[in-house]
DNA sequence: CGCATGCTTGCATGGCTATTCACACAAGAC
DNA sequence: GTCTTGTGTGAATAGCCATGCAAGCATGCG
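Protein chains in written order, with the numbering used here: chain A, 1 to 340; chain B, 1001 to 1340.
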């Protein structure tokens, strides 16, 4: 009986309310809030005044419904402990907002499958989908493309030959530079420590590295593939360092794992980093330059990479060009591979 | 002339299309997709079949428009380099998705002001707003509350006596434990290194720390307040360590700054961490337990904290109780404060 | 003064779905 | 066989805003 739910939420004023107060039509209100619309200055002011008084704010959901464009960009972050992605996410979100878009963030729960959530993403009619280090099943990818939603992979190339763009660092090139650098420094028993073999990023880095060693006539690298977690990296490092032919240098698929390896080498095996064991990573994430790590690595320049992502998100034409953009970084020589 | 924009986007099928194909009304389609709605099993199947054939997916924007509930939760992350927030954000986003909500992420561009963006947030009719380590001006906060949008501060108490809830770690208690721990370890010239004084989080930690020292009859701590960036932390550490009465222990407002301080102490001043200088932080972020840091800290348990955030987001009643939830963590004694 | 032009404005409609209401129909009670 | 329930269904409406269209108005030109 009159168990009135205490104003669950006072429904916000609509354009009609404003129109009534301002003594104009609802259409005028709409135009007042549309930059460049055909409306007299005086009218716009009247409307704005009424709007302020009522606390009116156009409902973007309704606008999206009409325009068929939501201005929402889905961002899927692969479930990773890798701190590299925090600045990336921040930068992306900032830039999207500045461009009048907004980021709807999802996390891929179990490693690979952003699958389950995609359904939700699509229901919100996002204008584009940015996948950060996450994968996608064949069907799902197809579903998006059929839906006309551009797919942009960040830091990961799409596995199949499907219509989607990608922005990645210079994996092969960078890994090659790391390989040559290690040889120059005099390391000879070199290992590669990577992620899962079904990760294109991992494979490109390994391949670039392998090829560089080969070209220099060096022994092929030992391999140890773990997961991309902290524990995975540590386990992989232990496996390598326990080998009878213990490597004297390790190139890790990313900085995060490199730091894990460094910690194991230094604190579990008592090795002096650089002199007794060289360690290199990939990404140049902020942690890499802490003096305690001083990690040699190949940078993935976040700013320029996001630049390219934004182009792909905003440029309609790009939807038809499924570019594989590669952004070059630079070798960061640091103490972790300094021998003498 | 017929410069047809090559199917800008094939407008997705609507409930009407499905209804026509299935030979039912649009209402039936709606019901088929509404769990618990009054619809015959056979009808639902017919609808689902047609829906699958057309690739139909209910438009959440339209649904939101009707229901007056968007299922969108605004998440504002303060512009911070602090890696602590990546796992927090991931966990929050995952949990929201699991609860059928979705996170609209914004970044507060210039330190304090999430202000500018709030306007956008409100236009999307978010159901709630979670502020992570970000502040909000008085007017904006009021605007939200007038709009009926619950505000939830995470890791930061609202500065004014306004209707908003907060979930924070046990700042005072934790800082007190750190203080007592440092004294127990025999440190005597103790410093506090914190963030800006207008940050309630900073102030609570400093206050808890100060009081603990006082109760133990110890000298009041030296203070050095920097910004919450890496460079700020390093600068503050240099200032402290250059003092004639150099402290023998430093408690930093968070792990991120503690690590910055540790790096300066170790690599610029050549001090042995623990023996010559004790360092403690707050948060227990993943990096803190790398053996190279082995940082004593007070944990902010992400899981339980997010639990409480979710309660506040989901529980309608909570909107009327503006709770200040404090989640206790535990002192993590590690090597960075081990003297002998 | 007549008319063309350009700027403003309101009306009406559309976009997509959830929900109320009334109604049809089947099953069960008597 | 009638009456009552109950279940399923469709028509109609609402929710909020943008936009095509036509009409109003003023201005400028001839």
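In this text, a Cβ means the ideal position worked out from N, Cα and C, and glycines have one as well.
A Cβ-Cβ distance of about 17 Å is found for the pair residue 1068 (chain B) and residue 1104 (chain B), leaving them out of contact under the 8 Å criterion. Contact annotation: residue 1228 (chain B) and residue 1080 (chain B) have beta-carbon atoms nearer than 9 Å.
Spanning the alpha carbons of residue 1260 (chain B) and residue 1233 (chain B) requires a straight line of approximately 6 Å. Within the DSSP bridge table, the entry for residue 1224 (chain B) names B:1193 as partners. In summary, the residues of the segment 96-107 of chain A whose CB is separated from some CB of chain B by less than 8 Å are 97, 102, 103, 104, 105, 106, 107, in the order they occur in the chain. Residues of chain A whose Cβ lies closer than 9 Å to the Cβ of residue 1200 (chain B) do not exist; the shortest such Cβ separation is about 23 Å. Chain A places no beta carbon closer than 9 Å to that of residue 1154 (chain B), leaving this residue out of the contacts. Spatial neighbours of residue 46 (chain A) in its own chain (CB-CB distance under 8 Å, excluding positions within 5 residues in sequence) are listed in chain order as 22, 23, 24. Counting only runs of 4+ residues, the alpha helix (DSSP H) found wholly inside the segment 1134-1204 of chain B occupies 1138-1147, 1171-1184, in chain order.
Only 286, 287, 290, 291, 292, 293 from the segment 276-294 of chain A bring a Cβ to less than 8 Å from some Cβ of chain B.
Residue nearest to residue 1209 (chain B) within the set B:1063, B:1178, B:1326 is B:1178 (criterion: CA-CA distance). In terms of Cβ geometry, residue 29 (chain A) and residue 15 (chain A) form a close pair [threshold 9 Å]. Of the candidates B:1310, B:1037, B:1269, B:1128, the residue whose Cα lies closest to the Cα of residue 1235 (chain B) is B:1269.
Beta-bridge partners assigned by DSSP to residue 102 (chain A): A:72.
In the three-state reduction of the DSSP assignment, residue 278 (chain A) falls in the strand class. If one requires a minimum length of 4 residues, the alpha helix (DSSP H) runs lying completely within the segment 1030-1102 of chain B are 1041-1054, 1060-1067, 1085-1098, in chain order. Annotated three-state conformation of residue 1327 (chain B) is strand, per DSSP. In this structure, residue 1174 (chain B) places its C-beta atom within 9 Å of the C-beta atom of residue 1282 (chain B).
Under the three-state reduction of DSSP, residue 1130 (chain B) is assigned to strand.
For residue 299 (chain A), the three-state secondary structure derived from DSSP is strand. With contacts defined as CB atoms closer than 9 Å, residue 162 (chain A) and residue 129 (chain A) fail to qualify as a contacting pair. Residue 176 (chain A) and residue 1191 (chain B) have their C-alpha atoms some 47 Å from each other. Annotation: residue 336 (chain A) has no Cβ neighbours in chain B at a cutoff of 8 Å; minimum Cβ distance is about 12 Å. Between the segment 1082-1091 of chain B and the segment 1283-1297 of chain B there are three or more inter-stretch CB-CB distances shorter than 8 Å, so the stretches are counted as touching.
Beta bridge pairing from DSSP links residue 1250 (chain B) with B:1191, B:1279. Assignment of residue 1117 (chain B) by DSSP, reduced to helix, strand and coil, places it in the helix class.
The three-state secondary structure of residue 218 (chain A), taken from DSSP, is coil.
Cβ contact annotation for residue 1224 (chain B) (same chain, cutoff 6 Å, sequence separation greater than five): 1193, 1236, 1239, 1240, in chain order. Sequence-distant Cβ neighbours of residue 1245 (chain B) in its own chain, meaning closer than 7 Å and more than five residues away, are 1189. Chain-ordered, the chain A residues with CB closer than 8 Å to the CB of residue 1259 (chain B) read 290. Beyond the five residues adjoining it in sequence on each side, residue 1296 (chain B) comes within less than 6 Å, by CB distance, of 1280, 1333, 1334, 1336, 1337 in the same chain, given in chain order. The C-beta of residue 1037 (chain B) has fewer than 16 other C-beta atoms within 10 Å across all chains shown, which makes the residue exposed. Annotated three-state conformation of residue 229 (chain A) is coil, per DSSP. Using a C-beta cut-off of 8 Å, the segment 1193-1208 of chain B makes no contact with the segment 1304-1318 of chain B, since fewer than three inter-stretch Cβ pairs fall below that distance. Under DSSP, residue 273 (chain A) shares a beta bridge with A:277. Not flagged as an interface residue toward chain B: residue 296 (chain A), since no C-beta distance is shorter than 9 Å.
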